[in-house]
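So for the sequence shown, my numbering puts the first residue at 16; every next one is plus one.
Glycine included, C-beta positions come from ideal geometry on N, C-alpha and C.
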Amino acid sequence: MTYLRWLDRPAVKEPIVIASFEGWNDAGEAASQTVRLLERWLDATPFVDIDPEEFFDFTVVRPHIGSDEDGIRRIDWPQNVFRVATPEGSPPIVLLCGIEPQLRWRAFSHCVLEVAQHLDARLVLTLGSLLAEVPHTRPSQVFGAAGNVEVSRILDYEPSRYEGPTGISGVLHELCATRGTHSASLWATVPSYVPSAPSPKATRALAVEVSRILGIDLPIEELDDDVEDYDRQITDMVSEDDDTVTYVAHLEERYDREALAGHSADALVSEVEAFLRDQ
Numbered sequence: 016m017t018y019l020r021w022l023d024r025p026a027v028k029e030p031i032v033i034a035s036f037e038g039w040n041d042a043g044e045a046a047s048q049t050v051r052l053l054e055r056w057l058d059a060t061p062f063v064d065i066d067p068e069e070f071f072d073f074t075v076v077r078p079h080i081g082s083d084e085d086g087i088r089r090i091d092w093p094q095n096v097f098r099v100a101t102p103e104g105s106p107p108i109v110l111l112c113g114i115e116p117q118l119r120w121r122a123f124s125h126c127v128l129e130v131a132q133h134l135d136a137r138l139v140l141t142l143g144s145l146l147a148e149v150p151h152t153r154p155s156q157v158f159g160a161a162g163n164v165e166v167s168r169i170l171d172y173e174p175s176r177y178e179g180p181t182g183i184s185g186v187l188h189e190l191c192a193t194r195g196t197h198s199a200s201l202w203a204t205v206p207s208y209v210p211s212a213p214s215p216k217a218t219r220a221l222a223v224e225v226s227r228i229l230g231i232d233l234p235i236e237e238l239d240d241d242v243e244d245y246d247r248q249i250t251d252m253v254s255e256d257d258d259t260v261t262y263v264a265h266l267e268e269r270y271d272r273e274a275l276a277g278h279s280a281d282a283l284v285s286e287v288e289a290f291l292r293d294q
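This is the structure in structure tokens:
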């Protein structure tokens with residue numbers, strides 16, 4: 016039985032699939048917001064979605080009821096919609112801004128991979144964001160992990176060595192490995208002392224790296240004002256507590272020291288692994 020609901024069968028081959036999942040691996044909503052921006056920037060159109068009925072506990076992720084433009088009442092269910100874009104100068108791109116399901120992760124991952132393999136995807140790239148001991152006054156750090164040696168060589172990412180609890184992305188990557196589909200993950204950091212605030216800084220960092228991978232220019236400068244507002248608001252909040260001011264100063268000193276010594280990537284890997292194990 017398939018849980019895919021096809022709206023169209025796009026005539027594209029060997030796309031790059033870029034996916035994010037709201038929930039466990041989406042601190043500051045940075046990963047999901049990056050994919051939403053890509054959908055808009057690239058004018059992506061929907062072509063298939065995953066029926067949510069078998070994968071979600073609707074007492075946890077509740078559907079929303081409302082009225083449409085004609086006043087007709089309707090229910091909006093949790094959505095996992097695939098969209099396709101064909102930007103000039105890039106391979107076709109398939110985007111999935113999804114929600115991590117509560118149920119049947121393996122079957123759900125099979126649905127995602129079925130779409131990827133139907134189109135002969137050259138790469139499945141998942142985006143994530145995590146809380147880390149980093150200062151908001153510095154650029155968000157980005158860390159990539161490759162699913163195999165060939166992807167490591169192409170993207171210049173280290174193979175993943177993480178061991179511990181995982182989210183839906185980890186299950187998807189394991190399935191990609193067993194089915195011979197190239198995959199990689201990309202992570203950005205969000206300051207742990209502002210866990211609930213959306214982080215345009217982490218979103219921008221992810222978008223910059225995605226732009227590099229795709230080999231195309233994206234209007235990332237669109238985020239500059241949001242990043243400035245974010246920095247100012249968090250600085251104002253921090254300034255109200257002397258202990259937090261001291262803590263942020265310590266993080267700044269450590270960040271600068273590690274960056275100067277060239278150890279920031281190794282430190283970030285440790286942050287990623289510690290964060291995931293502690294969830």
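Outcome for residue i when other beta-carbon atoms lying within 10 angstroms are tallied against a minimum of 16
{"i": "Gln248", "result": "exposed"}
{"i": "Gly230", "result": "exposed"}
{"i": "Asp82", "result": "The sequence given here places Ser at residue 82; Asp does not occur at that position. Its Cβ having fewer than 16 others within 10 Å, Ser82 is exposed."}
{"i": "Gly86", "result": "exposed"}
{"i": "Ala26", "result": "exposed"}
{"i": "His133", "result": "exposed"}
{"i": "Val149", "result": "buried"}
{"i": "Val32", "result": "buried"}
{"i": "Glu44", "result": "buried"}
{"i": "His265", "result": "exposed"}
{"i": "Ala276", "result": "exposed"}
{"i": "Thr196", "result": "buried"}
{"i": "Phe36", "result": "buried"}
{"i": "Ser74", "result": "A small fix is needed here, since residue 74 is Thr in this sequence, not Ser. That one is exposed."}
{"i": "Leu118", "result": "exposed"}
{"i": "Val127", "result": "buried"}
Where residue i sits in the DSSP three-state scheme
{"i": "Asp41", "result": "strand"}
{"i": "Gly185", "result": "helix"}
{"i": "Ser155", "result": "coil"}
{"i": "His79", "result": "strand"}
{"i": "Phe290", "result": "Caution is warranted here: a pLDDT of 49 is assigned to Phe290, below 50, making its placement in the model unreliable, and the coordinate value is therefore given only provisionally. DSSP places Phe290 in helix when its eight states are reduced to three."}
{"i": "Ala136", "result": "coil"}
{"i": "Ile65", "result": "strand"}
{"i": "Arg24", "result": "coil"}
{"i": "Ala212", "result": "coil"}
{"i": "Leu128", "result": "helix"}
{"i": "Val225", "result": "helix"}
{"i": "Arg176", "result": "coil"}
{"i": "Val205", "result": "strand"}
{"i": "Val149", "result": "coil"}
7 Å CB neighbourhood of residue i in its chain, flanking five on each side removed
{"i": "Leu170", "result": "Gly159, Ala161, Ala199 and Ile228"}
{"i": "Ile235", "result": "Arg219, Ala222, Val223 and Ser226"}
{"i": "Leu146", "result": "Ala42, Val205, Ser207, Pro210 and Phe290"}
{"i": "Arg88", "result": "Ile80 and Ser82"}
{"i": "Thr259", "result": "Tyr208 and Val253"}
Residues near residue i by beta carbon distance below 6 Å, same chain, minus five either side
{"i": "Val209", "result": "Ile249"}
{"i": "Leu238", "result": "Pro215 and Arg219"}
{"i": "Ala217", "result": "Gly43, Ala45, Ser144, Ser155, Ala203 and Val205"}
{"i": "Thr141", "result": "Ala34, Ser184 and Ser200"}
Own chain partners of residue i with C-beta closer than 8 Å, once the 5 adjacent residues on each side are dropped
{"i": "Thr152", "result": "Asp246, Thr250, Val263 and Glu267"}
{"i": "Leu57", "result": "Ala100, Pro102, Ile108 and Leu110"}
Checklist entry - Do three or more CB pairs link the stretch 270-277 to the stretch 90-103 at distances below 8 Å? => result No, they do not touch.
Item to check | Cβ contact check for the stretch 64-76 and the stretch 45-54: 3 or more pairs under 8 Å | outcome: no
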